[in-house]
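To start, the structure under review is shown below, and the notes come after it.
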Amino acid sequence: MRGVTLIELVVTLSIVVILLTIAVPSFQNAIATNRIAALTNELSTALQLARSEAVNRGRTVTVCKSDDLSDSTPSCNTSADWEDGWVVFVDTNDNGALDSGELPLRVGQPSSGDAVVTGGTNFADYVRFRPDGSSRGSSFSNGTLSVCIVPNKRDIVINTVGRLRIEQGSCP
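Note that the working numbering has the sequence shown beginning at 100, numbered continuously upward.
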């Protein structure tokens, strides 16, 4: 019988270490890419739902950031971060806040890990869709929500008529 010599074992382990050194960073980047794609898709789906419901119901529908999603009645919170979660609701009085009697349609759960979601000036606190499908923020009708998981960034760009597009970039 012939066994494995120490030299063969060292050479094999060296090859394994070299392969792992190359593969692990690439694998971590793939995981980060998948996480940012999932979070971007979840948020853009909520925005598309809001636009669709606004048109179908003939009422304003708002997406706002919230950090009390475990409550039976979540609320909008301007001091929360978008990555803390969000609420899609029928905004009957057009004030951008979830008031009693207004119907929550969907709740977005907090993102895990090191994700950062920021709204541009127009969409810092909420995004509102009118019955004609057009978007409105706090002051203007178009803007961006940015999702960043280092080193990847996705911008959800919402134009005046409420259409969404996704742009890729790098985190600052």
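Just so it is clear, CB atoms sit at the ideal spot from N, CA and C, and this is done for glycine as well.
Computed from a prediction, not measured in an experiment: that's the story for all the values here.
{"Asked": "Identified DSSP bridge partners for G184", "Found": "DSSP lists no partner for G184."}
{"Asked": "For N258, three-class secondary structure by DSSP", "Found": "coil"}
{"Asked": "Cβ-Cβ distance between I248 and R134 below 8 Å", "Found": "yes"}
{"Asked": "Buried/exposed call for D193, threshold 16 Cβ in 10 Å", "Found": "exposed"}
{"Asked": "Those runs of the beta strand (DSSP E) which lie wholly inside the region 166 to 222 and span at least 3 residues", "Found": "185 to 189, 203 to 207 and 215 to 218"}
{"Asked": "At least three beta-carbon pairs within less than 8 Å, the region 190 to 207 to the region 115 to 129", "Found": "no"}
{"Asked": "Nearest neighbour of G218, chosen from R156, L146, R150 and V154 [CA to CA]", "Found": "L146"}
{"Asked": "Chain-order list of residues whose beta-carbon lies under 8 Å from that of G195 (same chain, five-residue window excluded)", "Found": "T161, C163, C175, D224, Y225, R227 and S237"}
{"Asked": "One or two residues paired with G242 in a DSSP bridge", "Found": "I257"}
{"Asked": "Assigned secondary structure, R150 (DSSP; H/G/I helix, E/B strand, else coil)", "Found": "helix"}
{"Asked": "Residues that DSSP places opposite Q127 in a beta bridge", "Found": "For Q127, which the question treats as bridged, DSSP gives no partner whatsoever."}
{"Asked": "Residue nearest to E141 in terms of C-alpha spacing, selected from V186, A153, S125 and F222", "Found": "V186"}
{"Asked": "DSSP bridge partner residues for G268 (one or two, in chain order)", "Found": "K252"}
{"Asked": "Identity of the residues DSSP links to S234 by a beta bridge", "Found": "F228"}
{"Asked": "Rounded Cβ spacing between A153 and R229 (contact assumed at less than 8 Å)", "Found": "6 Å"}
{"Asked": "is_contact[C247, chain C] using C-beta, thresh 8 Å", "Found": "Here there is only one protein chain, and chain C is not present."}
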